[in-house]
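**Q**
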Amino acid sequence: MKKKQLQMDRKTFMKVSLLSGTGVIFGVNFLQSCKSKKETPIDLESLNYNDFNAYIQIANNGMVTIYAPNPEIGQGVKTSMPMIVAEELDVPWKHVRVVQANLDTQKYTRQVAGGSQSIRFSWMLLREAGATARQMLVNAAALEWKVEPADCSTSDGYVIHPNGKKLGYGDLVLKAATLEIPEKVMLKDPKDFKIIGKQARNVDNFKITQGSPLYGMDYFEEGMVYASIIHPPAFGQKLIDFDDSEAKKIDGVSEIIKIGNNIAVIGINTWIAFQGKKAVKATYSEANKKESSTYFDEVMDNILSGEKVKGSKAKKLREDGNITKAFKEADQIIERVYEAPFLAHNTMEPMNFFANVTPDKIELKGPIQTPELTARQVANNLKRNVNEVSLEMCRIGGGFGRRLKGDYAIEAALISDKIKKPVKLVYSREDDMTTGWYRPKVKYKIRAAVKDGKITGYHLTEASVNATINKQRADFFPSGAIDNLLIETHSIKSKVTCFAWRAPICNFLAFAEQSFFDELALELKISPVQMRMDLLENAKKHKDNNMQYSPERMQAVIQKVVADANWGNTPKGVHQGLSVYYSHNSHVAQISEVEIKENQPVVTKVYCAVDCGIVVNPMGAAAQAEGGIIDGIGHAMFSEMIVENGVPKSNNFHQYKLTRLKNAPQVEVSFVESLEAPTGMGEPTLPPAPAAAANAIYAATGKRLRKHPFVKNGLNS
Amino acid sequence: MEINLTVNEKIRKVDVDKNTPLLWVLRDTLHLVGTKFGCGVGQCGACSVHMDGVITRSCLLPVSIVGDAKITTIEGLSEHNNHPVQLAWREIDVPQCGYCQAGQIMTASALLKQNNSPSKEDIKDAMHGNICRCATYQRIEKAVEKAVELTQTTK
């Protein structure tokens, strides 16, 4: 650590700090130097704060503002990411106010909500940001006291002198700003964590419970108009012409414009814009009859039965050993097919975005998981420079992958550009549900070769619409656990827009594989627990750098959940099902319990053991698991989007069943104690949930459910 | 048309199309945006408000038929964000994305108004109509139970 004090003006400091290679970009900008010894927070919102770095501002009295860099879609990063900064800064969490950062590619890295990567990616960055600020405050105090910084310590927002006297951070910020940024900082030993690992509540709870404007949907400014949009009813359809004469007669409808293949209706409020939309008569090119769920089913069945299908793309993603030999020499071959429909995301907050496009600048505000990418796409669509775009981030009413796509933000910008007004584009629920990006419809055929009671071959064939397993996921369990293995995929091209849906690919792949292993265990008369433990034992011997999971950590979560759920020792009438999965860098095992109530199998309880490394916020992490499991089981039970002649057949919640309170099992979550760097929690608890439920339903009823949604495919028959 | 509405104990004069659902009058005209738009067809409960104390889906209610009825929105549920349901919601840490929670809180507080010692089944019945896409149902149930407890201890 360098102790030399640098005489720099603020501008120089900024420049130097921007060049510093720590990955954290500093911009010290002290606005005022008013000091106060008071340490009791009165009203965190009303204080004046001094910028410390991109993440931290410290107020006169030592209160701290921490910027939450990533989009908050309900996964909890607006709480957990600032906790990490506060931990290393060493301030009490109750003295911290959290503010949502806007898109700023200079200050922040990877402002994305996706793939459960926020915490994993930013863990060291956030720690270093906090620790660097802390070290500069220590250095400032050491200079003041004329002692060695190494002899000083910090606690709860104070620097402590070797003799025990102390100075508050609020008294030191100004001095600290004139010091050189230390090149290396000490990070806390995890055993000294005071904030990380403690229960913290959602930082926006107060605002949420009083209905404060927090969401893009809530945004309003004077002079703003409202827009609705009409997309073609069928995928792949082209807008030919439209008659807006009736719509224009509606009082309050100001403009109706063509935006590419869509029509935008501008009005004085959302309701009027919706009314105008209903009155527009549009004609479209003919819809394609082949864009239907039933047609896709046929094609996928043909693929899985080995027929050559024109237009489908086949790929071998992983091939180990000699699969042909394994199946040729097998005593027994077990083959099953698992099927899933398209799913809509159905975020509670429908798509919406505010845009104000002027000759000087492009202002955007709204719910988006990919602000940086979307800003670029908006600029491209407007043929403008991305530097002209500012994007304000707000709390987001659900993501689930839908808002990785910024199509609606681009539409809002194009509308604003055309009408030369600030505009808020709002999708109706029908727009949201029928013009989204769907979880691909998919079928898996899985075959196992068995010889002398052992699994000697594993062959998974995927047939899916518009998406496939990728190389990385082909290296998930059971790859590495079975010597002869083949993972191959076939993708059918379709106009149905498909994209990531919470825990992409894994959300159904886990169901297929973890159901299959349950079926195999029954066939081979081995306990489902033992079958997984044995396979993982094999995987340990397998030297393979591509392997994505840790057999040891997977075994540990199995053992934990087996203990938590008292596997095999349930009261009469309670039936259990096991599932274990690694996805999005976390290992999760679950045991579902099913009871028969009114002649129906009901999932009453789910035990969930998770290894996500260090648990940053146990309260938030448990919430993700509770929600992820109920979400996963709910969709497997009830939900599907059928497409007919290119048109999604469900357009609102009366036709698209989502799980509700009475359907929700009780979820009990436990975490493996770990000192490993943390991984994400938004996704990994969802994939194993449907198979644990289906395996328990089989145990309770003897009904094997292989097709989602269960309510339409065997649960009640 | 000009309409007088009683919202959160204040008379508010609005000039809107008579068929406009109360939801959009609250949100776009009065800028009380705590009441949320979710589905527009009364299926999700995000738009729930109290009308003379009774839980009502504001997305289906034409503003012209509200008349003299007293409307309470999440913003007017309590003076200091301290209704037992609001307190319980924060203590149990219910919200994930939070978007549906105003509707959930209004539904729970209407239940408590009618029945200050609801059974588990009463709670399930009352809350079943509100969708939470993040599936915070377990904590919703727990928070309503907590709110019941808080209501009873403050009496």
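Quick note, the sequences are listed as chains G and P, same order. If you read the first sequence in my numbering, its first letter stands for residue 1, the second for the next number, and so on. If you read the second sequence in my numbering, its first letter stands for residue 1001, the second for the next number, and so on. Ideal Cβ positions, reconstructed from N, Cα and C, are used throughout, including at glycine.
1) Which complete beta strand (DSSP E) runs does the segment 407–494 of chain G hold, if anything under 3 residues is left out?
2) Among the residues of its own chain, which have a CB less than 6 Å from the CB of A642 of chain G, if the five just before and after it don't count?
3) Within 8 Å (strictly less), CB to CB, does S428 of chain G reach chain P?
4) Cα-Cα, which of G:I482, G:L239, G:Y438 is closest to F327 of chain G?
5) With respect to the alpha helix (DSSP H) encompassing Q1114 of chain P, which residues constitute its N-terminal and C-terminal limits?
6) Look up P1095 of chain P in the DSSP assignment and say whether it is helix, strand or coil.
7) Which residues, in order along the segment 213–247 of chain G, keep a beta-carbon less than 9 Å from a beta-carbon of chain P?
8) Short of 7 Å Cβ to Cβ, which residues in the segment 616–631 of chain G face chain P?
9) Is there a C-beta anywhere in chain P that falls below 8 Å from the one on K38 of chain G?
10) Are the segment 199–207 of chain G and the segment 130–148 of chain G touching by the rule of at least three beta carbon pairs closer than 8 Å?
11) Quick one: residues in its chain with C-beta nearer than 6 Å to the C-beta of D417 of chain G, no 5 flanking neighbours on either side, listed in chain order?
12) Along the segment 345–361 of chain G, where does the CB come closer than 8 Å to a CB of chain B? Name the residues.
13) Taking 8 Å as the threshold (C-beta atoms), are L174 of chain G and R127 of chain G in contact?
14) Check whether the segment 413–432 of chain G and the segment 490–506 of chain G touch, using three or more Cβ-Cβ pairs below 8 Å as the test.
15) Hey, does M1127 of chain P have any beta-carbon neighbour from chain G nearer than 8 Å?
16) Sorted by chain position, which residues of the same chain lie with C-beta nearer than 6 Å to K277 of chain G's C-beta, five sequence neighbours on each side aside?
17) Hey, would you say F511 of chain G sits closer than 8 Å to A696 of chain G, going by beta carbons?
18) Spatial neighbours of K78 of chain G within its chain, please: CB distance less than 7 Å, with the 5 preceding and 5 following residues excluded, ordered by chain position.
19) Given that Q1138 of chain P touches chain G, what residues does it touch there, using C-beta distances under 8 Å?
20) Buried or exposed for T283 of chain G, please, with buried defined as at least 16 other CB atoms from any protein chain shown within 10 angstroms of its CB.
21) Taking the alpha carbon of N269 of chain G as the reference point, which residue from G:S254, G:V280, G:N262 has its own alpha carbon closest?
22) Identify every residue that forms a DSSP beta bridge with M1051 of chain P.
23) Since I believe I303 of chain G is in contact with L486 of chain G (beta carbons under 8 Å), could you give me their beta-carbon distance rounded to a whole number of angstroms?
24) Work out the CA separation of C608 of chain G and Y158 of chain G for me, nearest whole Å.
25) Would you be able to state if there are at least three C-beta pairs under 8 Å between the segment 678–688 of chain G and the segment 114–122 of chain G?
26) Name the one or two DSSP bridge partners that V647 of chain G has.
27) Given that a residue counts as buried once 16 or more other Cβ atoms are within 10 Å of its Cβ, and exposed if not, what is A563 of chain G?
28) Between G:K184, G:H161, G:W437, which lies nearest to L125 of chain G when the distance is taken from Cα to Cα?
29) Assuming I196 of chain G and I614 of chain G are in contact, meaning their beta carbons sit under 8 Å apart, how far apart are those beta carbons, in whole angstroms?
30) Can you tell me which of the three DSSP states Q514 of chain G falls into?
31) Check whether the Cβ atoms of A664 of chain G and A1135 of chain P sit closer than 8 Å, and answer yes or no.
32) Run through chain P and tell me which residues come within less than 8 Å of F206 of chain G, C-beta to C-beta.
33) Apart from the five residues on each side of it in sequence, which residues of its chain come closer than 6 Å, Cβ to Cβ, to K315 of chain G?
34) On a Cα-Cα basis, can you pick out the residue from G:T370, G:T178, G:R134, G:E593 that is closest to Q111 of chain G?
35) Please report the residue range of the beta strand (DSSP E) in which R336 of chain G lies.
36) Judging by CA-CA distance, which residue of P:Q1096, P:I1065, P:E1075, P:L1150 is the nearest neighbour of C1132 of chain P?
**A** Well, looking at it:
1) 423–426, 442–451, 454–465, 484–492
2) The residue you asked about is not Ala; residue 642 of chain G is Ile in the sequence shown. Excluding residues within five positions, the ones whose Cβ falls inside 6 Å are S293, K649.
3) yes
4) G:I482
5) 1101–1114
6) coil
7) P213, L214, Y215, M217, D218, Y219, F220, Y226
8) M619, A623, E626, G627, I630, D631
9) At K38 of chain G, the pLDDT of 35 sits below 50, so the modelled position is not reliable and the matter cannot be decided from this model.
10) no
11) V357, L382
12) Chain labels in this structure do not include chain B; the protein chains are G and P.
13) no
14) no
15) yes
16) S228, I230, V265
17) no
18) A68, E72, V98, Q100, V203, D204
19) E626, I630, A664, Q666, V667
20) exposed
21) G:S254
22) P:V1054, P:I1071
23) No, L486 of chain G and I303 of chain G are not in contact; Cβ-Cβ is about 15 Å, not under 8 Å.
24) 40 Å
25) yes
26) BP columns for V647 of chain G point to G:E644.
27) Its Cβ having fewer than 16 others within 10 Å, A563 of chain G is exposed.
28) It is G:K184.
29) So it is a contact: roughly 7 Å between Cβ atoms.
30) The DSSP-derived three-state label of Q514 of chain G is helix.
31) yes
32) N1081, R1090
33) T489
34) G:T370
35) 332–340
36) P:Q1096
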